[in-house]
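Input: a single structure, listed below in structure tokens.
Numbering (this note's numbering), first residue to last: 7 to 227.
Dropping the structure here:
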């Protein structure tokens with residue numbers, strides 16, 4: 007897993023090293039915002055993002071996604087609603103528990119529309135790209151074997167879309183960010199040649215047009 011996640015950390019670090027040469031240190035808008043997406047926490051994913059300006063009204067927003075979710079934790083309602091298509095080829099089974107592990111990256115280029123966009127608050131438009139890799143484990147009861155067994159799979163996911171959002175800065179220290187948008191979500195199991203199909207949009211292994219949203223709270227450094 008390490009060799010698959012390592013490139014994500016490289017993507018997180020390198021762009022800001024490049025931006026450091028483009029923005030003078032005495033520029034008042036050259037701030038860095040670190041945020042956490044609370045919407046994803048209930049899905050068992052911790053998303054830590056870093057936002058840095060690179061022009062007068064544009065910023066680069068990059069987030070790392072770390073997923074560890076099980077039906078014994080906070081993500082229980084979310085996982086219990088999942089009906090992973092890779093288990094449908096098995097008959098005579100009853101799912102007992104589910105577990106997700108993995109990581110990914112979320113990249114946004116934001117364009118702020120406010121009267122003073124250098125403050126990086128107010129309404130913004132952004133393009134968004136998400137890529138992640140997941141390990142899925144399902145514990146099932148096999149009525150034919152009359153015992154429990156594990157069904158494992160791996161999944162590749164990607165998303166490309168557009169957002170409309172609003173960010174508020176409080177006392178130059180705390181940020182609050184709401185955004186909604188839509189785009190195309192792609193899911194494919196690693197042992198299959200084609201992406202998934204016939205899944206509902208609330209399913210993790212869904213492929214098709216997708217409504218996306220986020221609630222981010224952060225600090226400014």
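C-beta atoms are modelled at their ideal positions from N, C-alpha and C, and glycine is treated no differently.
Discussion item. Within the continuous alpha helix (DSSP H) that includes residue 46, where are the two ends?
Written reply: In this chain, the alpha helix (DSSP H) harbouring residue 46 covers 44-47.
Worksheet item: With distances taken from CA atoms, which of 100, 138, 116 is nearest residue 153?
Response: Looking at the Cα atoms, 100 is the closest of the given residues.
Item to complete: Using the Cα positions of residue 194 and residue 121, report the straight-line distance between them to the nearest angstrom.
Response: Distance between the alpha carbons of residue 194 and residue 121 is about 43 Å.
Worksheet entry | Own chain residues within Cβ distance below 8 Å of residue 172, not counting five before or after | For residue 172, where only same-chain residues beyond five positions count, the Cβ hits under 8 Å are 128, 129, 130, 183, 184, 185.
Fill in: 7 Å CB neighbourhood of residue 31 in its chain, flanking five on each side removed
Because residue 31 sits at a pLDDT of 44, beneath the cut-off of 50, its placement in the model cannot be relied upon, and the point is left open.
Worksheet item: What residues are listed by DSSP as bridge partners for residue 162?
Response: Residue 162 is bridged to 139, 194.
Worksheet item: Closest by CA to residue 106, which one among 211, 180, 225, 218?
Response: The shortest CA-to-CA distance from residue 106 to any of 211, 180, 225, 218 is the one to 211.
Item to complete: Drop a sphere of 10 angstroms on the beta-carbon of residue 59, count the other beta-carbons inside from all chains shown, and report buried for 16 or more, exposed for fewer.
Response: Taking all protein chains in view, the Cβ of residue 59 is crowded by 16 or more other Cβ atoms within 10 Å, so the residue is classified as buried.
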